Structures are given as C-alpha cells and as structure tokens.
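In the UniProt record's numbering, the protein residues as written are 1 to 507.
Encoded as structure tokens, the structure appears first; notes follow it.
Take a look at the structure:
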C-alpha cells in the first residue's frame, strides 16, 4: 500500500530503491532497473488528468502571435486547437494569428478567421453556435484592405453612414425593400431611427481613425460634446468618452499637454452631469498623443491615471522599448485600452528606442553623452543609456562625448543603420579616446592622461602641442581656442599680436 501511495503522489519524485543481488550481473541489474522504472511510469501516466486547456496556455498562444512566432506553427495544429471549442483558447489563438499575419492578406489565415463569421461563410453552410468573444476576435483579424480602400481608409459612401450611425440620425436616401434585405441589421435600426447603443461606439471610433491627424473641422464638429442638458439626454455617458477620444484623434496637433486643455474639453453647461466621462476621454487622447515621448507636462497633467495605466508598461521589451505614435500604433492602443479581450494589443505599438553605448575595446556597456536634434533644429542633450525620442521626429542622433570618438546618424545618410542597431543589436560600439577612462572608473575626469600631464608634471606643463590637445577632445570651443590662440606659426599667433599691440599703446 505504501508503494501504491507513493506512485499516486504524482507531484512528488519517486525514488527507485533496488538492491543488486550477488548472482545478478551489472548488465542484468541495469535491465531490472529499467523495467521497474517503466512500470512506475506506466502507472503514473494512468492517473486521471484534465483534458481542458488552461488559461495560461491561451495567453501563451496569444503572446506567440503578438511577437510574430505563430508564422512557424502549421495551420493543421491551429485547426486542432480551434476544434476543441474552448472560448479562451480560440480567442487567444485568433488574436495572435491576426497580429502575426496583419497586413499580409494570407489566404490560410483568412480561412481560419472566416469560419467563425457567418457573413463570410457560403449560404449553404451549417449554422454554427459560436461564442460572442470568438466572433469579435475573428472580426478583428479578418479586416480586408479592399473593405477599407479609398481616401484615408473608407469609401466616400461609407463616411456619411458612419456619421449618421454615430449621431443617431437616419441617413437620407434610405434603402429600398430589396436593399434593406441585403443590408439587414436587426439590432442597428429600430423603427425610423438608428440604435445608438449598437452603432455609435464603432462608428465613432471609425470616424476618428479615418480622419486621424487630418485636422478636419467638419468631422470634429460632429463629435463635439453636447452643449445643453437637453442634447445630453440623447447621448449615453460612456459614448461621450469615445467622442472626445475620436475628436482628439482628428485634431491631433491641437492636443496640448496641460491641465487647461483637459478642462476646456468639458462645456460649462453640462459640467456637473458629464464631467468624469469627458475628462477620462481627454486624458486618454492626450496619453495616446504623447505616448512614449517623455513629455513631462503631459505626465504631470494626468499623473494619477498614468500611475495606474503604466505599471504594466514599465519594462517593455526588457526595458528596451516604449510606445510609438504611428498610425498602426495609435489604432493598436485604441483597441487595447477599450475592450477587455484586446488588452494585450498594446504590444503592436511597442518600438525599440533604447540607446546603449558599448566600449569597442572591452565589449562592456558604458556611459556616454549624446545629442538628439529634432526636425525643428532643437538640440537635446542626453546621457546614454537612455530612451531617445520617436525616430520620426528626429533629424540627427550623434554621440558627442569628450571621452569617445563621435558617432553620428543622420536622417538622409545612415538612418537605416540606426534602426537596425535599435531593433537587433541594441548596442552602438564607441571607441574610447587615448588617455581617457570610462565614467565608471573616472566619474569626474581627473584621472585622464591629459589632466595629469597639464596639472602635475611641471616640466611638460607648457610643452603640450595643439595637435596633442586635439587628440583628446572634440569640443568645438577647445578646438577653436587651440587653433587661434595656441598656434606656433609665425604671424598667426593671436596672443603675440595682442601683446605687441598692447606694448605699442603703452609706448
């Protein structure tokens, strides 16, 4: 009974205690051990086990997809996962599949998405009972480019529909009976009006994404918060937040990193009734606008929300990445922080921007001062390792440190090389100047050969040549001083000329 009890303890390691008899050879004893181990393994594997996939396994599949690794999984294995009819497993796999094959219009991936959507199935297909969350996940991954073509993403005919669906008014030129049957939507239309609870959230965000960064006044006016309490009665409170977010996407350049801008989004006439939702939408829009920029004003304006929302974003890509503000990144952030099932889609907005200097001689990471010049010509001084601003806003990035030889990356020269460094190697090799030490060994710069020679050695204190000084620094001020004041050539020494002029004046 004790042996059976030990075998049933599947979570505890089993010890095999066998004694070799004198008449048994070593070879036979090894075979006896193998047989005993096989018997234990057979009994242990016969224990009852769960056949359901754990939620952790679903999250693992989604993580593989967000990082692009599901491309290596055979579609037959994906089909085996889907036929288990596990809701969380299907949602994780479909979202991961959508993230991996986004923008590729892959036929096999489209087929896996289409089997969960009734409008994409043949008319004679069997009606399937599919959970709502799986339908939403499949719909996110099955968006086709031909369904979003046209200026800024939507067909011209679709924009009035989105506007009317968001505002709740019926579109002029309604469908005939035959057209109504083709475009039938039992939940979207009630009588002569549109059901805002169904159509408004998607249509509002669609308008924001269609006119994103356009600054168009007309779509922005459609999404303005109500101005009177009477108009407020026709808008659900949570839809106010979506309208403010979508309006911020359209008026992208008008978003300011200040408390005043957030407060100005709330009309005074409805401030007591709709303050919280509009403020939440304004903070959300400002967060997307300045995502990953390091703007301190934006951080201070919404500090309480930033503390709660950024806990999971502190160590993106192991501390190497931050959020971007490209069109795809903004759409991913908008989807990630609205619906529960899409929460982890923020991974699609992450981009590596950590700059790590590495000593070329020792291969160790080091500190170095860098200069970042944006498109407006403004120079920002940073000390690497650090997160640099978004590459689309920069003109030049260069390592400008007196202890290392300069390295420069210019937008019109070797910008692709900087991108490859940030994405693949993470590090940029720098060459240390002769006679200099790293900031770890010499934080104040008092141990360099140049500093010791010019301050301690009395015999060589005035014998340093200009060429020697230029070997130890790339500071423009020092180089210009050496060039104009310490030149030994005849008739070019400014110090001597000044001395002669001074003597003549005194004489």
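From the three backbone atoms N, C-alpha and C, an ideal C-beta is built for every residue, glycine too.
Quick caveat: nothing in here was measured; it's all calculated off a predicted structure.
| Item | Value |
| --- | --- |
| Looking at residue 236: is its Cβ nearer than 9 Å to the Cβ of residue 200? | yes |
| Give the DSSP-derived three-state secondary structure of residue 397 in the structure shown. | strand |
| Considering only residues of the same chain and omitting the five flanking positions on each side of residue 284, which have a CB-CB separation below 6 Å? | 245 |
| For the segment 399 to 419 against the segment 322 to 337, do three or more pairs of beta-carbon atoms, one drawn from each stretch, fall closer than 8 Å, so that the two count as touching? | no |
| Which residue marks the beginning of the beta strand (DSSP E) containing residue 484, and which one marks its end? | Per DSSP, residue 484 belongs to no beta strand (DSSP E); it is in the alpha helix (DSSP H), 476 to 485. |
| Classify residue 207 as buried or exposed, calling it buried when 16 or more other Cβ atoms lie within 10 Å of its own Cβ. | buried |
| Any idea which residues DSSP pairs residue 321 with across the strands? | 352 |
| Would you grab the beta carbon distance between residue 299 and residue 212 for me? Rounded to a whole angstrom, and I think it's under 8 Å. | Not really, about 23 Å apart at Cβ, beyond 8 Å. |
| Between which two residues does the beta strand (DSSP E) containing residue 382 stretch? | 379 to 384 |
| So, for residue 30: in the same chain, excluding its five sequence neighbours on each side, which residues have a beta-carbon less than 7 Å away from its beta-carbon? | none |
| Once DSSP output is grouped into helix, strand and coil, what is the label at residue 241? | helix |
| Which residues bound the alpha helix (DSSP H) around residue 409? | Where residue 409 is concerned, there is no enclosing alpha helix (DSSP H), although the beta strand (DSSP E) it sits in stretches over 407 to 410. |
| Quick one: what does DSSP say residue 289 is sitting in, helix, strand or coil? | helix |
| Does DSSP classify residue 372 as helix, strand or coil? | strand |
| Buried or exposed: which applies to residue 83, given that a residue is buried once 16 or more other Cβ atoms fall within 10 Å of its Cβ? | exposed |
| Using a threshold of 9 Å, state whether the C-beta atoms of residue 86 and residue 53 are closer than that. | yes |
| Less than 9 Å separating the beta-carbons of residue 387 and residue 355? | yes |
| For the beta strand (DSSP E) containing residue 428, name the first residue and the last one. | 427 to 430 |
| What's the gap between the Cα of residue 41 and the Cα of residue 19? | 20 Å |
| With distances taken between CB atoms, is the gap from residue 94 to residue 66 smaller than 9 Å? | no |
| Taking the DSSP output, what are the residues bridged to residue 357? | 428 |
| Is residue 275 helix, strand or coil by DSSP? | helix |
| DSSP state of residue 117, grouped into three classes? | coil |
| Please go through the same chain and pick out, in chain order, the residues whose beta-carbon is closer than 8 Å to the beta-carbon of residue 406, but skip the five residues on each side of it. | 398, 399, 400, 474 |
| At what residues does the alpha helix (DSSP H) containing residue 71 begin and finish? | Element bounds for residue 71: n/a, residue is neither H nor E. |
| For a quick check, are the C-beta atoms of residue 515 and residue 227 less than 9 Å apart? | Residue 515 cannot be examined here, being either before or after the span of the chain that is shown, 1 to 507. |
| Count the other CB atoms within 10 Å of the CB of residue 255; is the residue buried (16 or more) or exposed (fewer)? | buried |
| Measure the C-alpha to C-alpha separation of residue 61 and residue 102 and round it to an integer number of angstroms. | 16 Å |
| Under 8 Å by Cβ, that's how I've got residue 58 and residue 91 pegged, so tell me the actual separation to the nearest angstrom. | 7 Å |
| For residue 21 and residue 2, I'd like the C-alpha separation in whole angstroms. | 23 Å |
| State the start and end residues of the unbroken alpha helix (DSSP H) segment that holds residue 230. | 229 to 232 |
| Taking only the alpha-carbon atoms, compute the straight-line gap between residue 359 and residue 322 and give it to the nearest angstrom. | 25 Å |
| Residue range of the alpha helix (DSSP H) that residue 88 falls in? | 87 to 100 |
| Closest to residue 389 by CA distance: which of 367, 424, 353 is it? | 353 |
| Are the C-beta of residue 371 and some C-beta of chain B separated by less than 9 Å? | This model lacks chain B altogether; it includes just one protein chain. |
| Please tell me whether residue 395 and residue 381 are closer than 9 Å, where the distance is taken between their beta carbons. | no |
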